[in-house]
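Chains as they are written, first to last, in my numbering: chain H, 33 to 353; chain D, 33 to 353.
Set out below in structure tokens:
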């Protein structure tokens, strides 16, 4: 069977290998992605972002459980170097994860965040496609967030959850600086800690001051208690899961889902253009030794990067540009 | 006077305007950068990275002071959305910063982290060039770090300082996941807090296990106490300042400075190529409406991003590629 069809049929080995190939930028992966593209677009993609230590992985684990109870299949993609999914796991985390290992309705993979920024961004999008093509109902993408990465996630997710914990004063600063705009749902995690009420009030005050988003969605604030009290935790996760579902229904009923899809598509096309336009030129410059010669010129201050790049453009781009 | 010369002569207004133009991607800024490029390459560029709340700004402030006492001129570039330099300032922070406002030997500017990743990265490099051309002896670049941004900073800095604070258990995870490789100096900040000794021991253990870097530099660990005890704090900052100086001397004496320059230059050329090769093609696609038509096709699943991007490459790249 052709690999695209295998993945559509839910073949875990084929899907795992493709995600590894995507991560390692194996050229053949590109062709496989072409084949699975028609099968994509059905899953709800949920981004979960927040500082290291905010407890994102525990939430993801809870959400996996909650979705499985409703018979929804789940994909988990961890793009967080501190995530237990990715490797920085404590023993307790690992044991918790283990529960899902035998469940064919759950597919968990991680992507390393090293290497080029653009490359990672493209890999995240492609890995989501793989899980989507496998037919997962919901895909949870866990990214660590302070700055740019969590802004990237809006290019892929239908719903973005920003996870905060009490007692990290700088959270609010970070929110002011840009996370505010991307959150569809706020989670105040570890809400039994001191300062949870204050954090919640600050968030509400900020939401009150913010302009109402297109379509009138006001990000709800969900508080999640201690995961060592399983019953309460499960209840809280149930509420979060309901909010996620509501947000998707809101996107569909308000027709905003079209805007999000367009944004996702535009971003993806942009990444593809980078790899088909810029990369061949770079490869050419490397293989002919031209790149080295340019670097020497720059080190001697005989030219500047912008002038050299313009020369390259004149040489390799069609005259019409 | 021509603007490049003005900046070289230390004209603060011209430099400030150029940095704003760089940030806003004003096309003319590109030409000015060409003119100042020959005047660059003299400053020591020091990257300071760490989580929000790690106290980076207080360190930067202390380093400004320490350098001014030795009559060295200083540039500060804040690329951190939570930095007091950038706007997320408490009143105390602002008052502290204010001291330097009247000192012509100090030039402080910030860059917003919103917008495209590539754009920001290029802006950081160009803003460093401006401060370098102004003749600043040392340029301190403050970036928030969890993931990719602090890996970016190695493309610009001679010396990278990773700032950690006790009591954030996930720090060590983050280090394991990639910061370790980029740190030239570790700072254990707020070292009067509980857990400082433990953090220091863990760092040392990790350094013991790490392969010795090229040239034999072992990143020193500098502990910095409470900034509310000015005398001790000043002493600690003095030690940090000495380590920064030593690292630069090490780079020069071991001839590793050449490698770092080459890496910086290569990165910069890469960014310039992106803007001269990829951007004209994107502009063409937008102005002809071709981009919109491609997005529609993708939304209807009539094609996939990779195939469309390859068509564009065949159309706009010279046949030789």
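We treat Cβ as the ideally placed atom computed from N, Cα and C, and that holds for glycine. For clarity, every value in this text was computed on a predicted model and none was experimentally measured.
Endpoints, the alpha helix (DSSP H) within which residue 95 of chain D is located: Within the second chain, the letter at position 63 stands for residue 95 of chain D. From DSSP, the alpha helix (DSSP H) with residue 95 of chain D extends over 88-101.
Sufficient close CB pairs (3 or more, under 8 Å) joining the region 160-173 of chain H to the region 67-78 of chain H: yes
Cβ contact (3+ pairs, closer than 8 Å) linking the region 267-276 of chain D and the region 93-106 of chain D: yes
Nearest-angstrom Cα separation, counted from residue 196 of chain D out to residue 285 of chain D: As a first step, residue 285 of chain D must be located in the second chain, where it is residue number 253. As a first step, residue 196 of chain D must be located in the second chain, where it is residue number 164. Residue 285 of chain D and residue 196 of chain D: Cα-Cα distance of roughly 29 Å.
Inter-residue spacing [alpha-carbon to alpha-carbon] between residue 336 of chain D and residue 330 of chain D: Position 304 of the second chain, counting from 1, holds the residue named residue 336 of chain D. Position 298 of the second chain, counting from 1, holds the residue named residue 330 of chain D. Rounded to whole angstroms, residue 336 of chain D to residue 330 of chain D spans 6 Å at the Cα level.
Cβ-based contacts, 9 Å cut-off: residues of the region 300-316 of chain D near chain C: In the displayed structure, chain C is absent; the protein chains listed are H and D.
Contact check, residue 252 of chain H vs residue 217 of chain H, beta carbons under 7 Å: Against the first chain, residue 252 of chain H aligns to sequence position 220. Against the first chain, residue 217 of chain H aligns to sequence position 185. Yes, they are a contact pair.
Chain D contact residues for residue 65 of chain H, given Cβ-Cβ distances below 9 Å: By one-based count along the first chain, residue 65 of chain H stands at place 33. Under the 9 Å cutoff, chain D gives 336, 337, 338.
Per DSSP, the bridge partner or partners of residue 76 of chain D: Translated into the one-based positions of the second chain, residue 76 of chain D becomes position 44. DSSP, once it has assigned bridges, lists D:170 as partnering residue 76 of chain D.
Rounded distance between the beta-carbons of residue 259 of chain H and residue 174 of chain H, thought under 8 Å: To locate residue 174 of chain H, count along the first chain from 1; it is residue 142. To locate residue 259 of chain H, count along the first chain from 1; it is residue 227. That belief does not hold up - the Cβ atoms of residue 174 of chain H and residue 259 of chain H are roughly 16 Å apart, past 8 Å.
Local conformation of residue 107 of chain H per DSSP, three classes: Working through the first chain from its first residue, we reach residue 107 of chain H at position 75. In this structure, residue 107 of chain H counts as strand in the three-state DSSP scheme.
Partner residues on chain D for residue 342 of chain H, Cβ-Cβ distance less than 7 Å: Position 310 of the first chain, counted from the first residue, corresponds to residue 342 of chain H. Chain D residues near residue 342 of chain H: 308.
Anticipated Cβ contact below 8 Å, residue 143 of chain D with residue 55 of chain D, distance rounded: For the purposes of this step, residue 143 of chain D is taken as residue 111 along the second chain, with counting starting at 1. For the purposes of this step, residue 55 of chain D is taken as residue 23 along the second chain, with counting starting at 1. The pair is a contact, with the Cβ atoms about 6 Å apart (cut-off 8 Å).
Chain D contacts made by the region 254-285 of chain H, where a contact means CB separation under 8 Å: none
Assigned exposure category for residue 198 of chain D - 16 Cβ within 10 Å defines buried: Along the second chain, read from residue 1 onward, the residue named residue 198 of chain D stands at position 166. Classification of residue 198 of chain D: buried, given that the 10 Å Cβ count is 16 or more.
Helix, strand or coil at residue 139 of chain H [DSSP, three-state]: If you number the first chain from 1, residue 139 of chain H lands on position 107. The answer is strand: DSSP assigns residue 139 of chain H an E or B state.
7 Å Cβ cutoff, residue 350 of chain D in contact with chain H: Within the second chain, numbered from 1, the residue matching residue 350 of chain D stands at position 318. Residue 350 of chain D counts as touching chain H.
Chain D contact for residue 70 of chain H (CB, 7 Å cutoff): Position 38 of the first chain, counting from 1, holds the residue named residue 70 of chain H. Cβ-Cβ to chain D under 7 Å: yes for residue 70 of chain H.
Residue-chain proximity (residue 231 of chain H, chain D), Cβ-Cβ < 7 Å: Stepping through the first chain from its first residue, residue 231 of chain H is reached at position 199. Not an interface residue.
Closer than 8 Å at the beta carbon, the chain D residues around residue 237 of chain H: Here residue 237 of chain H refers to the residue found at position 205 when the first chain is read from its first residue. Those do not exist, as residue 237 of chain H stays about 16 Å from chain D at its closest Cβ, beyond 8 Å.
Chain D within 7 Å of residue 194 of chain H, Cβ atoms only: Looking up residue 194 of chain H in the first chain gives position 162. Chain D contact via Cβ: absent.
8 Å contact criterion, which residue 188 of chain H and residue 156 of chain H should meet: CB distance rounded: For the purposes of this step, residue 188 of chain H is identified with residue 156 of the first chain, where counting begins at 1. For the purposes of this step, residue 156 of chain H is identified with residue 124 of the first chain, where counting begins at 1. Going by Cβ atoms, the distance from residue 188 of chain H to residue 156 of chain H rounds to 6 Å, so yes, they are a contact pair.
Per-residue contacts from residue 330 of chain D into chain H (C-beta, under 7 Å): Your numbering for residue 330 of chain D matches position 298 in the second chain. The contacting residues are 297, 301.
Residue from H:274, H:94, H:235 with nearest C-alpha to residue 131 of chain H: On the first chain, residue 131 of chain H is found 99 positions in, with the first residue counted as 1. When only C-alpha atoms are compared, the closest one is H:94.
Per-residue contacts from residue 293 of chain D into chain H (C-beta, under 7 Å): Here residue 293 of chain D corresponds to residue number 261 of the second chain, with the count starting at 1. Correct list: 331.
Segment contact flag, the region 213-233 of chain D with the region 296-315 of chain D, C-beta cutoff 8 Å, min 3 pairs: no
DSSP-derived helix/strand/coil call for residue 282 of chain H: Stepping through the first chain from its first residue, residue 282 of chain H is reached at position 250. Helix, per DSSP.
Residue-chain proximity (residue 38 of chain H, chain D), Cβ-Cβ < 7 Å: Numbered from 1 along the first chain, position 6 holds the residue referred to as residue 38 of chain H. Residue 38 of chain H does not count as touching chain D.
Where residue 85 of chain H sits in the DSSP three-state scheme: Locating residue 85 of chain H in the first chain gives position 53, counting from the first residue. Three-state DSSP puts residue 85 of chain H in coil, outside helix and strand.
Simplified DSSP state of residue 254 of chain D, which is helix, strand or coil: Taking the first residue of the second chain as 1, we reach residue 254 of chain D at position 222. Strand, per DSSP.
Residue(s) in a DSSP beta bridge with residue 191 of chain H: Along the first chain, one-based indexing puts residue 191 of chain H at 159. Partner(s): H:78.
Alpha-carbon to alpha-carbon, residue 327 of chain D and residue 57 of chain D: Here residue 57 of chain D is taken as the residue at index 25 of the second chain, counted from 1. Here residue 327 of chain D is taken as the residue at index 295 of the second chain, counted from 1. Answer to the nearest angstrom: the Cα atoms are 25 Å apart.
Beta carbon proximity, residue 345 of chain D to chain H, threshold 7 Å: Start at 1 with the first residue of the second chain, and residue 345 of chain D comes out as number 313. It does; some Cβ of chain H falls within 7 Å.
Three-way DSSP call (helix, strand, coil) for residue 217 of chain H in this model: For the purposes of this step, residue 217 of chain H is identified with residue 185 of the first chain, where counting begins at 1. Of the three classes helix, strand and coil, the one that applies to residue 217 of chain H here is strand, per DSSP.
Residue 216 of chain D: CB within 6 Å of a non-hydrogen atom of the ligand NAD: In terms of ligand content, the structure shown is empty, and the ligand NAD therefore cannot be addressed.
6 Å Cβ shell around residue 105 of chain H - same chain, five flanking residues per side excluded: For the purposes of this step, residue 105 of chain H is taken as the residue at position 73 of the first chain. Cβ within range, chain order: 137, 168, 169.
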